[in-house]
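Residue numbers (the numbering used here): 278 to 812.
All residues carry an ideal CB built from backbone N, CA and C; glycine is no exception.
Okay, so here's the structure we're looking at.
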(Lines of atoms letter the chains of each structure in order from A and count residues from 1; the text may use other names and numbers.)
(Lines give C-alpha, C1' and ligand atoms only; values in the text may rest on other atoms or scores of the structure.)
Protein backbone atom coordinates (compact mmCIF):
# COMPACT_ATOMS: atom_id res chain seq x y z
CA UNK A 1 0.00 0.00 0.00
CA UNK A 2 1.05 3.61 -0.51
CA UNK A 3 1.98 5.76 2.46
CA UNK A 4 -1.35 7.54 1.98
CA UNK A 5 -3.12 4.30 2.88
CA UNK A 6 -1.09 3.51 6.02
CA UNK A 7 -4.32 3.49 8.06
CA UNK A 8 -5.98 0.68 6.11
CA UNK A 9 -5.71 -2.45 8.22
CA UNK A 10 -3.51 -0.63 10.72
CA UNK A 11 -3.51 -1.25 14.47
CA UNK A 12 -3.98 1.78 16.72
CA UNK A 13 -3.25 1.85 20.46
CA UNK A 14 -5.51 4.10 22.52
CA UNK A 15 -3.88 6.11 25.32
CA UNK A 16 -5.93 7.79 28.04
CA UNK A 17 -3.52 10.58 29.06
CA UNK A 18 -4.71 10.90 32.66
CA UNK A 19 -3.96 7.24 33.26
CA UNK A 20 -0.88 6.34 31.23
CA UNK A 21 2.16 7.81 33.01
CA UNK A 22 2.58 10.66 35.49
CA UNK A 23 5.94 12.42 35.19
CA UNK A 24 5.63 15.05 37.94
CA UNK A 25 4.09 13.21 40.89
CA UNK A 26 0.70 14.94 40.94
CA UNK A 27 -1.13 11.64 40.40
CA UNK A 28 -2.35 12.53 36.90
CA UNK A 29 -0.78 11.27 33.69
CA UNK A 30 0.72 13.81 31.32
CA UNK A 31 2.38 14.29 27.93
CA UNK A 32 6.00 13.93 29.13
CA UNK A 33 4.94 10.67 30.79
CA UNK A 34 3.42 9.38 27.55
CA UNK A 35 6.55 10.37 25.63
CA UNK A 36 8.71 8.41 28.08
CA UNK A 37 6.56 5.31 27.59
CA UNK A 38 6.28 5.42 23.79
CA UNK A 39 8.97 2.73 23.40
CA UNK A 40 6.59 0.27 25.08
CA UNK A 41 3.94 1.01 22.48
CA UNK A 42 6.41 0.84 19.60
CA UNK A 43 7.76 -2.48 20.91
CA UNK A 44 4.27 -3.96 20.75
CA UNK A 45 4.28 -3.55 16.99
CA UNK A 46 1.30 -1.24 16.49
CA UNK A 47 1.11 1.44 13.82
CA UNK A 48 -0.45 4.42 15.57
CA UNK A 49 -1.34 5.97 18.92
CA UNK A 50 -4.67 7.66 19.62
CA UNK A 51 -4.58 10.22 22.43
CA UNK A 52 -7.83 10.95 24.24
CA UNK A 53 -8.39 14.72 24.77
CA UNK A 54 -5.48 16.84 25.97
CA UNK A 55 -7.04 20.27 25.35
CA UNK A 56 -7.71 23.03 27.87
CA UNK A 57 -10.75 21.98 29.89
CA UNK A 58 -12.43 22.41 33.28
CA UNK A 59 -12.51 18.58 33.30
CA UNK A 60 -16.18 18.15 34.14
CA UNK A 61 -16.07 15.21 31.71
CA UNK A 62 -12.34 14.51 31.89
CA UNK A 63 -11.38 16.63 28.89
CA UNK A 64 -14.39 15.89 26.70
CA UNK A 65 -15.56 19.41 27.63
CA UNK A 66 -13.14 21.64 25.73
CA UNK A 67 -12.68 25.32 26.56
CA UNK A 68 -9.76 25.96 24.16
CA UNK A 69 -9.33 23.83 21.04
CA UNK A 70 -5.80 25.01 20.22
CA UNK A 71 -3.93 24.60 23.49
CA UNK A 72 -2.92 21.86 25.92
CA UNK A 73 -4.43 21.76 29.39
CA UNK A 74 -1.75 22.52 32.03
CA UNK A 75 -2.68 19.22 33.70
CA UNK A 76 -1.06 17.45 30.76
CA UNK A 77 1.73 19.87 29.91
CA UNK A 78 2.38 22.41 27.17
CA UNK A 79 2.36 22.71 23.41
CA UNK A 80 6.13 22.22 23.55
CA UNK A 81 5.54 18.92 25.35
CA UNK A 82 3.10 17.95 22.63
CA UNK A 83 5.62 18.78 19.91
CA UNK A 84 8.23 16.67 21.69
CA UNK A 85 5.79 13.76 21.85
CA UNK A 86 5.07 14.01 18.13
CA UNK A 87 8.78 14.04 17.32
CA UNK A 88 9.56 11.05 19.55
CA UNK A 89 6.63 9.06 18.15
CA UNK A 90 7.69 9.70 14.58
CA UNK A 91 11.27 8.73 15.44
CA UNK A 92 9.90 5.40 16.69
CA UNK A 93 7.81 4.90 13.55
CA UNK A 94 4.49 5.63 15.26
CA UNK A 95 1.67 7.80 13.92
CA UNK A 96 -0.19 10.10 16.33
CA UNK A 97 -3.98 10.55 16.17
CA UNK A 98 -5.65 13.00 18.52
CA UNK A 99 -9.24 13.30 19.66
CA UNK A 100 -11.48 16.00 18.23
CA UNK A 101 -14.50 16.71 20.44
CA UNK A 102 -16.41 18.93 18.05
CA UNK A 103 -20.09 18.26 18.61
CA UNK A 104 -20.02 20.09 21.94
CA UNK A 105 -17.67 22.18 24.07
CA UNK A 106 -17.40 23.38 27.67
CA UNK A 107 -19.87 25.97 28.93
CA UNK A 108 -16.71 27.90 29.88
CA UNK A 109 -15.68 28.28 26.25
CA UNK A 110 -15.70 32.01 25.45
CA UNK A 111 -17.93 31.47 22.42
CA UNK A 112 -20.66 29.95 24.56
CA UNK A 113 -20.32 32.79 27.05
CA UNK A 114 -20.88 35.18 24.15
CA UNK A 115 -23.72 33.15 22.65
CA UNK A 116 -25.73 32.99 25.86
CA UNK A 117 -25.38 36.72 26.53
CA UNK A 118 -28.16 37.73 24.10
CA UNK A 119 -30.18 36.63 21.09
CA UNK A 120 -28.52 39.05 18.69
CA UNK A 121 -24.75 38.82 19.32
CA UNK A 122 -22.36 37.62 16.57
CA UNK A 123 -22.37 34.06 17.93
CA UNK A 124 -26.00 33.91 19.03
CA UNK A 125 -26.70 30.95 16.72
CA UNK A 126 -23.42 29.08 17.17
CA UNK A 127 -25.16 26.82 19.67
CA UNK A 128 -28.57 25.13 19.63
CA UNK A 129 -31.11 27.43 21.29
CA UNK A 130 -34.88 27.00 21.33
CA UNK A 131 -37.92 28.57 22.97
CA UNK A 132 -39.82 26.63 25.61
CA UNK A 133 -43.19 25.11 24.94
CA UNK A 134 -46.08 27.29 26.06
CA UNK A 135 -46.21 25.45 29.38
CA UNK A 136 -42.52 26.21 30.01
CA UNK A 137 -41.28 22.69 29.41
CA UNK A 138 -38.31 21.89 27.11
CA UNK A 139 -38.76 22.14 23.33
CA UNK A 140 -38.54 18.36 22.81
CA UNK A 141 -38.46 15.12 24.78
CA UNK A 142 -34.78 14.56 23.95
CA UNK A 143 -32.73 13.12 26.78
CA UNK A 144 -29.12 13.54 27.82
CA UNK A 145 -26.84 10.52 27.76
CA UNK A 146 -25.79 11.54 31.27
CA UNK A 147 -29.33 11.76 32.64
CA UNK A 148 -32.31 14.10 32.55
CA UNK A 149 -33.44 16.37 29.75
CA UNK A 150 -31.03 17.28 26.95
CA UNK A 151 -32.23 20.87 27.38
CA UNK A 152 -31.18 23.37 30.07
CA UNK A 153 -32.93 26.69 30.70
CA UNK A 154 -30.85 29.85 30.44
CA UNK A 155 -32.32 32.95 32.09
CA UNK A 156 -30.14 35.32 30.06
CA UNK A 157 -31.75 34.43 26.74
CA UNK A 158 -34.94 33.01 28.24
CA UNK A 159 -34.41 29.96 26.06
CA UNK A 160 -33.25 26.39 26.40
CA UNK A 161 -29.90 25.19 25.02
CA UNK A 162 -29.19 21.66 23.84
CA UNK A 163 -26.62 19.36 25.42
CA UNK A 164 -26.52 15.68 24.56
CA UNK A 165 -24.24 15.06 27.52
CA UNK A 166 -23.64 17.21 30.63
CA UNK A 167 -25.41 20.55 30.95
CA UNK A 168 -21.86 21.97 31.04
CA UNK A 169 -21.35 20.62 27.49
CA UNK A 170 -23.52 22.74 25.15
CA UNK A 171 -23.93 21.46 21.60
CA UNK A 172 -22.65 23.47 18.67
CA UNK A 173 -25.10 24.32 15.90
CA UNK A 174 -23.54 22.62 12.87
CA UNK A 175 -26.34 23.91 10.66
CA UNK A 176 -24.39 27.18 10.82
CA UNK A 177 -21.57 27.04 8.20
CA UNK A 178 -19.45 29.40 10.30
CA UNK A 179 -19.26 26.76 13.03
CA UNK A 180 -17.97 24.22 10.53
CA UNK A 181 -15.42 26.70 9.14
CA UNK A 182 -14.12 27.47 12.62
CA UNK A 183 -13.71 23.81 13.53
CA UNK A 184 -11.86 23.17 10.27
CA UNK A 185 -9.44 25.95 11.22
CA UNK A 186 -8.89 24.34 14.62
CA UNK A 187 -8.11 21.03 12.95
CA UNK A 188 -5.68 22.76 10.59
CA UNK A 189 -3.80 24.07 13.64
CA UNK A 190 -3.03 20.51 14.78
CA UNK A 191 -2.34 19.17 11.29
CA UNK A 192 0.26 21.89 10.90
CA UNK A 193 1.87 20.70 14.15
CA UNK A 194 2.35 17.26 12.64
CA UNK A 195 -0.52 15.08 13.85
CA UNK A 196 -1.24 12.17 11.54
CA UNK A 197 -4.99 12.22 11.94
CA UNK A 198 -8.05 12.63 14.12
CA UNK A 199 -10.48 10.49 16.04
CA UNK A 200 -13.86 12.23 16.03
CA UNK A 201 -15.81 11.88 19.26
CA UNK A 202 -19.57 11.30 18.99
CA UNK A 203 -19.45 11.55 15.20
CA UNK A 204 -23.17 10.89 14.79
CA UNK A 205 -24.16 13.72 17.16
CA UNK A 206 -23.10 16.72 15.06
CA UNK A 207 -26.53 17.62 13.71
CA UNK A 208 -29.99 17.83 15.24
CA UNK A 209 -33.41 17.93 13.60
CA UNK A 210 -34.11 21.64 12.92
CA UNK A 211 -37.86 20.96 13.19
CA UNK A 212 -37.31 19.82 16.79
CA UNK A 213 -39.48 16.73 16.53
CA UNK A 214 -39.84 14.42 19.51
CA UNK A 215 -38.09 11.04 19.52
CA UNK A 216 -40.41 8.03 19.58
CA UNK A 217 -40.10 5.31 22.20
CA UNK A 218 -37.66 2.48 21.55
CA UNK A 219 -39.50 -0.27 19.72
CA UNK A 220 -37.23 -3.16 20.77
CA UNK A 221 -38.22 -5.94 23.14
CA UNK A 222 -35.78 -6.05 26.07
CA UNK A 223 -35.07 -8.80 28.57
CA UNK A 224 -34.27 -6.39 31.42
CA UNK A 225 -35.15 -2.79 32.28
CA UNK A 226 -32.81 -0.10 31.03
CA UNK A 227 -30.53 1.46 33.63
CA UNK A 228 -30.50 4.75 31.72
CA UNK A 229 -33.72 6.33 30.37
CA UNK A 230 -31.75 7.48 27.31
CA UNK A 231 -31.93 3.89 26.07
CA UNK A 232 -35.73 4.01 26.16
CA UNK A 233 -35.92 6.27 23.08
CA UNK A 234 -35.42 5.63 19.38
CA UNK A 235 -33.02 8.46 18.55
CA UNK A 236 -34.27 9.64 15.18
CA UNK A 237 -34.12 13.39 15.68
CA UNK A 238 -31.44 14.30 18.23
CA UNK A 239 -28.62 12.53 16.31
CA UNK A 240 -27.91 10.35 13.23
CA UNK A 241 -29.12 13.11 10.93
CA UNK A 242 -28.56 12.95 7.13
CA UNK A 243 -26.69 16.27 7.07
CA UNK A 244 -23.78 14.59 8.83
CA UNK A 245 -22.32 13.11 5.65
CA UNK A 246 -21.83 16.55 4.10
CA UNK A 247 -19.77 17.59 7.12
CA UNK A 248 -17.72 14.40 6.81
CA UNK A 249 -16.94 15.34 3.22
CA UNK A 250 -15.62 18.74 4.34
CA UNK A 251 -13.39 17.05 6.93
CA UNK A 252 -12.07 14.61 4.32
CA UNK A 253 -11.32 17.44 1.92
CA UNK A 254 -9.20 19.12 4.59
CA UNK A 255 -7.33 15.92 5.43
CA UNK A 256 -6.70 15.15 1.75
CA UNK A 257 -4.98 18.54 1.39
CA UNK A 258 -2.24 17.16 3.68
CA UNK A 259 0.00 14.17 3.06
CA UNK A 260 -0.87 10.75 4.57
CA UNK A 261 -3.41 11.87 7.17
CA UNK A 262 -6.29 9.71 8.39
CA UNK A 263 -9.54 9.92 10.34
CA UNK A 264 -11.74 7.66 12.41
CA UNK A 265 -15.22 8.44 13.65
CA UNK A 266 -16.91 7.12 16.78
CA UNK A 267 -20.49 5.99 16.18
CA UNK A 268 -22.47 5.61 19.39
CA UNK A 269 -25.85 4.14 18.51
CA UNK A 270 -27.77 1.10 19.66
CA UNK A 271 -29.98 0.76 16.57
CA UNK A 272 -28.07 1.48 13.35
CA UNK A 273 -24.38 1.63 14.24
CA UNK A 274 -23.11 -0.63 11.46
CA UNK A 275 -25.16 1.20 8.82
CA UNK A 276 -23.89 4.57 10.05
CA UNK A 277 -20.29 3.33 10.05
CA UNK A 278 -20.75 2.55 6.39
CA UNK A 279 -22.44 5.86 5.56
CA UNK A 280 -19.73 7.90 7.25
CA UNK A 281 -16.78 6.18 5.53
CA UNK A 282 -15.76 5.94 1.93
CA UNK A 283 -13.85 7.69 -0.77
CA UNK A 284 -14.94 11.23 0.10
CA UNK A 285 -15.85 10.84 3.77
CA UNK A 286 -14.04 9.65 6.87
CA UNK A 287 -11.40 7.00 6.30
CA UNK A 288 -12.87 4.63 8.91
CA UNK A 289 -15.40 4.41 11.75
CA UNK A 290 -15.85 2.32 14.83
CA UNK A 291 -18.82 1.62 17.02
CA UNK A 292 -19.64 -0.20 20.24
CA UNK A 293 -21.02 -3.23 18.39
CA UNK A 294 -18.24 -5.52 19.64
CA UNK A 295 -18.13 -3.98 23.12
CA UNK A 296 -21.16 -5.76 24.52
CA UNK A 297 -21.57 -9.01 26.43
CA UNK A 298 -22.02 -11.33 23.44
CA UNK A 299 -19.06 -13.59 22.70
CA UNK A 300 -20.44 -15.87 20.03
CA UNK A 301 -19.48 -16.79 16.46
CA UNK A 302 -22.77 -15.39 15.20
CA UNK A 303 -22.16 -11.99 16.78
CA UNK A 304 -18.74 -11.41 15.22
CA UNK A 305 -19.76 -12.87 11.87
CA UNK A 306 -22.87 -10.71 11.63
CA UNK A 307 -21.08 -7.44 12.42
CA UNK A 308 -18.34 -8.01 9.87
CA UNK A 309 -20.58 -9.38 7.12
CA UNK A 310 -23.16 -6.63 7.64
CA UNK A 311 -20.53 -3.94 7.34
CA UNK A 312 -18.86 -5.14 4.16
CA UNK A 313 -22.19 -6.06 2.53
CA UNK A 314 -23.72 -2.67 3.32
CA UNK A 315 -20.64 -0.51 2.79
CA UNK A 316 -18.39 -2.11 0.15
CA UNK A 317 -16.54 1.20 -0.28
CA UNK A 318 -16.29 1.94 3.45
CA UNK A 319 -13.84 0.78 6.07
CA UNK A 320 -14.34 -0.29 9.70
CA UNK A 321 -12.18 -0.06 12.80
CA UNK A 322 -12.95 -2.85 15.26
CA UNK A 323 -12.40 -2.64 19.02
CA UNK A 324 -13.32 -4.84 21.96
CA UNK A 325 -12.77 -2.23 24.69
CA UNK A 326 -12.17 1.47 25.20
CA UNK A 327 -12.39 4.18 27.89
CA UNK A 328 -16.20 4.04 28.00
CA UNK A 329 -16.97 0.35 28.52
CA UNK A 330 -15.97 -2.48 30.88
CA UNK A 331 -12.79 -4.27 29.85
CA UNK A 332 -13.53 -7.29 27.71
CA UNK A 333 -11.59 -9.77 29.86
CA UNK A 334 -14.09 -8.93 32.61
CA UNK A 335 -17.15 -8.79 30.31
CA UNK A 336 -16.46 -12.16 28.72
CA UNK A 337 -14.98 -13.94 31.76
CA UNK A 338 -17.54 -16.76 31.62
CA UNK A 339 -16.22 -17.79 28.20
CA UNK A 340 -12.62 -18.30 29.32
CA UNK A 341 -10.89 -20.99 31.33
CA UNK A 342 -8.72 -18.24 32.85
CA UNK A 343 -8.42 -14.48 32.27
CA UNK A 344 -5.09 -15.07 30.49
CA UNK A 345 -6.58 -17.68 28.16
CA UNK A 346 -9.45 -15.39 27.25
CA UNK A 347 -7.14 -12.39 26.80
CA UNK A 348 -4.87 -14.28 24.42
CA UNK A 349 -7.75 -15.62 22.37
CA UNK A 350 -9.34 -12.16 22.16
CA UNK A 351 -6.02 -10.79 20.90
CA UNK A 352 -5.81 -13.41 18.16
CA UNK A 353 -9.47 -12.91 17.29
CA UNK A 354 -9.54 -9.15 16.83
CA UNK A 355 -6.14 -9.04 15.14
CA UNK A 356 -7.49 -11.48 12.54
CA UNK A 357 -10.46 -9.33 11.56
CA UNK A 358 -10.72 -7.53 8.23
CA UNK A 359 -10.54 -3.82 8.90
CA UNK A 360 -8.42 -1.63 11.12
CA UNK A 361 -8.02 -2.44 14.80
CA UNK A 362 -7.96 -0.36 17.97
CA UNK A 363 -6.44 -1.68 21.20
CA UNK A 364 -7.21 -0.04 24.56
CA UNK A 365 -4.28 0.60 26.90
CA UNK A 366 -3.73 -2.31 29.28
CA UNK A 367 -5.50 -4.70 26.92
CA UNK A 368 -2.09 -6.14 26.06
CA UNK A 369 -1.75 -7.17 29.73
CA UNK A 370 -5.13 -8.88 29.90
CA UNK A 371 -6.11 -6.12 32.32
CA UNK A 372 -9.42 -6.45 34.13
CA UNK A 373 -11.96 -3.93 35.38
CA UNK A 374 -11.17 -2.31 38.72
CA UNK A 375 -13.82 -2.68 41.43
CA UNK A 376 -14.44 0.83 42.80
CA UNK A 377 -16.59 2.03 45.64
CA UNK A 378 -18.98 4.94 45.15
CA UNK A 379 -16.69 7.34 47.02
CA UNK A 380 -13.81 6.49 44.62
CA UNK A 381 -15.74 7.51 41.48
CA UNK A 382 -14.97 10.69 39.53
CA UNK A 383 -17.03 10.01 36.39
CA UNK A 384 -20.31 11.97 36.23
CA UNK A 385 -22.01 9.17 34.32
CA UNK A 386 -20.91 6.56 36.83
CA UNK A 387 -22.08 8.73 39.73
CA UNK A 388 -25.44 9.53 38.12
CA UNK A 389 -26.34 5.92 37.36
CA UNK A 390 -24.75 4.12 40.30
CA UNK A 391 -24.82 1.14 40.74
CA UNK A 392 -25.40 0.49 37.02
CA UNK A 393 -22.05 -0.84 35.69
CA UNK A 394 -21.37 1.90 33.15
CA UNK A 395 -17.69 0.90 33.09
CA UNK A 396 -15.89 4.22 32.77
CA UNK A 397 -13.83 4.87 35.91
CA UNK A 398 -13.56 1.09 36.31
CA UNK A 399 -11.73 0.80 32.98
CA UNK A 400 -9.81 4.10 33.24
CA UNK A 401 -7.64 3.25 36.24
CA UNK A 402 -3.88 3.79 35.74
CA UNK A 403 -1.63 1.74 33.53
CA UNK A 404 0.44 -0.68 35.60
CA UNK A 405 4.13 -0.72 34.69
CA UNK A 406 5.66 -2.72 37.54
CA UNK A 407 4.82 -4.29 40.90
CA UNK A 408 5.82 -1.25 42.99
CA UNK A 409 3.37 0.95 44.84
CA UNK A 410 1.00 2.61 42.36
CA UNK A 411 2.36 0.29 39.67
CA UNK A 412 5.07 2.70 38.55
CA UNK A 413 2.39 5.09 37.31
CA UNK A 414 3.05 7.90 39.78
CA UNK A 415 5.12 8.79 42.85
CA UNK A 416 2.03 10.60 44.17
CA UNK A 417 -1.50 9.44 44.90
CA UNK A 418 -3.11 8.39 41.59
CA UNK A 419 -6.33 10.12 40.58
CA UNK A 420 -7.93 6.65 40.51
CA UNK A 421 -6.57 3.82 42.65
CA UNK A 422 -4.29 1.00 41.51
CA UNK A 423 -5.64 -2.10 43.25
CA UNK A 424 -3.96 -5.51 43.79
CA UNK A 425 -5.77 -7.45 41.01
CA UNK A 426 -4.64 -4.86 38.47
CA UNK A 427 -1.17 -4.50 40.04
CA UNK A 428 -0.56 -8.19 39.46
CA UNK A 429 -0.92 -7.58 35.71
CA UNK A 430 2.04 -5.30 35.11
CA UNK A 431 4.36 -4.73 32.17
CA UNK A 432 7.64 -5.63 33.89
CA UNK A 433 6.47 -9.02 35.16
CA UNK A 434 4.83 -9.98 31.88
CA UNK A 435 7.78 -8.83 29.77
CA UNK A 436 9.96 -11.38 31.61
CA UNK A 437 7.48 -14.23 31.08
CA UNK A 438 7.55 -15.70 27.55
CA UNK A 439 4.08 -17.20 28.09
CA UNK A 440 2.45 -13.92 29.21
CA UNK A 441 -0.45 -12.12 27.61
CA UNK A 442 1.90 -9.26 26.74
CA UNK A 443 4.28 -11.48 24.81
CA UNK A 444 1.40 -13.18 23.02
CA UNK A 445 0.16 -9.77 21.87
CA UNK A 446 3.62 -9.07 20.46
CA UNK A 447 3.62 -12.40 18.64
CA UNK A 448 0.16 -11.80 17.22
CA UNK A 449 0.90 -8.25 16.15
CA UNK A 450 4.05 -9.43 14.40
CA UNK A 451 2.10 -12.19 12.69
CA UNK A 452 -0.52 -9.72 11.47
CA UNK A 453 2.20 -7.52 9.99
CA UNK A 454 3.91 -10.50 8.31
CA UNK A 455 0.77 -11.99 6.77
CA UNK A 456 -0.59 -9.51 4.26
CA UNK A 457 -3.85 -11.47 4.22
CA UNK A 458 -4.59 -10.32 7.78
CA UNK A 459 -4.26 -6.69 6.80
CA UNK A 460 -5.85 -6.59 3.37
CA UNK A 461 -7.28 -10.02 2.51
CA UNK A 462 -11.02 -10.36 2.06
CA UNK A 463 -13.01 -12.47 4.52
CA UNK A 464 -15.11 -15.54 3.80
CA UNK A 465 -16.86 -17.06 6.81
CA UNK A 466 -17.20 -20.83 7.15
CA UNK A 467 -20.39 -22.52 8.31
CA UNK A 468 -19.18 -24.23 11.47
CA UNK A 469 -21.01 -25.45 14.58
CA UNK A 470 -21.03 -23.29 17.70
CA UNK A 471 -18.91 -22.34 19.53
CA UNK A 472 -16.29 -22.39 16.74
CA UNK A 473 -15.78 -19.34 14.55
CA UNK A 474 -13.88 -19.85 11.31
CA UNK A 475 -13.08 -17.77 8.26
CA UNK A 476 -10.51 -17.41 5.53
CA UNK A 477 -8.53 -14.26 4.81
CA UNK A 478 -7.52 -14.01 1.19
CA UNK A 479 -6.66 -17.22 -0.68
CA UNK A 480 -3.97 -18.63 1.57
CA UNK A 481 -4.94 -18.38 5.25
CA UNK A 482 -7.71 -19.75 7.48
CA UNK A 483 -8.44 -18.68 11.07
CA UNK A 484 -10.32 -20.68 13.72
CA UNK A 485 -11.40 -19.82 17.26
CA UNK A 486 -13.06 -22.00 19.89
CA UNK A 487 -15.05 -19.41 21.81
CA UNK A 488 -15.62 -21.61 24.83
CA UNK A 489 -13.81 -23.11 27.85
CA UNK A 490 -14.33 -26.66 26.52
CA UNK A 491 -12.43 -28.59 23.84
CA UNK A 492 -14.06 -28.80 20.41
CA UNK A 493 -13.16 -30.63 17.22
CA UNK A 494 -14.38 -29.93 13.69
CA UNK A 495 -13.89 -31.53 10.28
CA UNK A 496 -12.60 -29.16 7.63
CA UNK A 497 -11.13 -29.71 4.14
CA UNK A 498 -8.48 -27.63 2.42
CA UNK A 499 -6.01 -27.09 5.27
CA UNK A 500 -2.37 -28.02 4.64
CA UNK A 501 -0.65 -27.11 7.92
CA UNK A 502 -0.95 -25.01 11.04
CA UNK A 503 0.99 -21.77 11.15
CA UNK A 504 1.48 -18.72 13.31
CA UNK A 505 0.76 -18.27 17.04
CA UNK A 506 -1.75 -21.11 17.51
CA UNK A 507 -3.08 -21.93 20.98
CA UNK A 508 -4.09 -25.47 21.94
CA UNK A 509 -4.64 -26.58 18.35
CA UNK A 510 -3.81 -29.73 16.39
CA UNK A 511 -4.56 -30.80 12.82
CA UNK A 512 -4.88 -34.50 11.92
CA UNK A 513 -5.98 -34.92 8.33
CA UNK A 514 -9.34 -33.20 8.08
CA UNK A 515 -9.86 -33.02 11.85
CA UNK A 516 -8.97 -29.77 13.57
CA UNK A 517 -9.01 -29.98 17.36
CA UNK A 518 -9.18 -26.80 19.37
CA UNK A 519 -8.59 -26.86 23.10
CA UNK A 520 -10.39 -24.54 25.52
CA UNK A 521 -10.15 -21.00 24.10
CA UNK A 522 -8.12 -22.53 21.29
CA UNK A 523 -6.80 -20.61 18.29
CA UNK A 524 -5.63 -22.03 14.97
CA UNK A 525 -4.14 -20.45 11.88
CA UNK A 526 -3.78 -22.73 8.90
CA UNK A 527 -2.27 -22.48 5.46
CA UNK A 528 -4.70 -23.44 2.70
CA UNK A 529 -4.09 -26.18 0.14
CA UNK A 530 -7.41 -25.50 -1.54
CA UNK A 531 -10.78 -24.05 -0.71
CA UNK A 532 -11.57 -24.45 3.00
CA UNK A 533 -14.94 -26.13 3.51
CA UNK A 534 -16.69 -28.69 5.66
CA UNK A 535 -16.77 -32.23 4.19
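Thinking just about the alpha-carbon of each residue, which of 770, 812, 667 and 695 is nearest to the one in residue 302?
695
Other residues of its chain near residue 636: CB distance less than 8 Å, five sequence neighbours each side excluded:
286, 565, 585, 588, 596, 597, 598 and 599
State yes or no: is the C-beta of residue 795 within less than 9 Å of the C-beta of residue 803?
no
Which class does residue 422 belong to by DSSP, given the choice of helix, strand or coil?
coil
DSSP puts residue 771 in a beta bridge; with which residues?
793
Among 579, 685, 717 and 654, whose alpha-carbon lies nearest the alpha-carbon of residue 644?
717
Check whether the region 463-470 touches the region 480-491, counting contact only when three or more Cβ pairs, one atom from each stretch, lie closer than 8 Å.
no
Do residue 480 and residue 405 have their C-beta atoms closer together than 9 Å?
no
Report the CB separation of residue 331 from residue 290 in whole angstroms; it is logged as a contact under 8 Å.
So it is not a contact: roughly 16 Å between Cβ atoms.
Using only CA atoms, which one of 647, 680 and 478 lies nearest to residue 622?
647
Touching or not, the region 441-456 and the region 345-355, by the rule of three or more beta carbon pairs under 8 Å?
no
Residues of its chain near residue 336, where Cβ-Cβ distance is below 8 Å and the 5 sequence neighbours each way are ignored:
342, 350 and 352
As assigned by DSSP and simplified to three states, the class of residue 460:
helix
Give me the residue from 797, 784 and 459 with the minimum Cα distance to residue 768.
797
6 Å CB neighbourhood of residue 396 in its chain, flanking five on each side removed
434
Beta-carbon proximity check, residue 561 vs residue 518, cutoff 9 Å
no
Taking 9 Å as the threshold (C-beta atoms), are residue 759 and residue 735 in contact?
no
Which parts of the region 360-410 are runs of the beta strand (DSSP E), unbroken and 3 residues or longer, counting only runs that do not cross its ends?
372-377
Exposure of residue 765, with buried meaning 16 or more beta-carbon neighbours within 10 Å
buried
What are the complete alpha helix (DSSP H) segments, minimum 4 residues, inside the region 604-653?
609-612 and 620-631
In whole angstroms, what separates the C-alpha of residue 379 from that of residue 475?
11 Å
What residue range does the alpha helix (DSSP H) around residue 728 cover?
718-731
In angstroms with no decimal places, state the Cα-to-Cα distance between residue 781 and residue 371.
25 Å
In terms of alpha-carbon separation, which member of 412, 675, 306 and 712 lies closest to residue 659?
675
What is the DSSP secondary structure of residue 749, counted as helix, strand or coil?
strand
Of the listed residues 653, 681 and 311, nearest to residue 360 (C-alpha basis):
311
So, with DSSP's three-state summary, where would you put residue 522?
helix
Threshold first: 3 residues or longer. Then list the beta strand (DSSP E) segments lying entirely within the region 289-320, N to C.
none
Considering only the alpha carbon of each residue, which of 574, 326, 580 and 521 lies closest to residue 555?
521
8 Å CB neighbourhood of residue 730 in its chain, flanking five on each side removed
322 and 736
Which residue marks the beginning of the beta strand (DSSP E) containing residue 543, and which one marks its end?
539-544
Check whether the Cβ atoms of residue 612 and residue 296 sit closer than 9 Å, and answer yes or no.
no
Would residue 507 and residue 563 qualify as a contact pair, given that the criterion is a beta-carbon distance under 9 Å?
no
Opposite residue 343 in the DSSP bridges: which residues?
In DSSP, residue 343 forms no bridge with anything.
Whose CA, out of 708, 750 and 632, lies closest to the CA of residue 727?
632
So for residue 694, helix, strand or coil by DSSP?
coil
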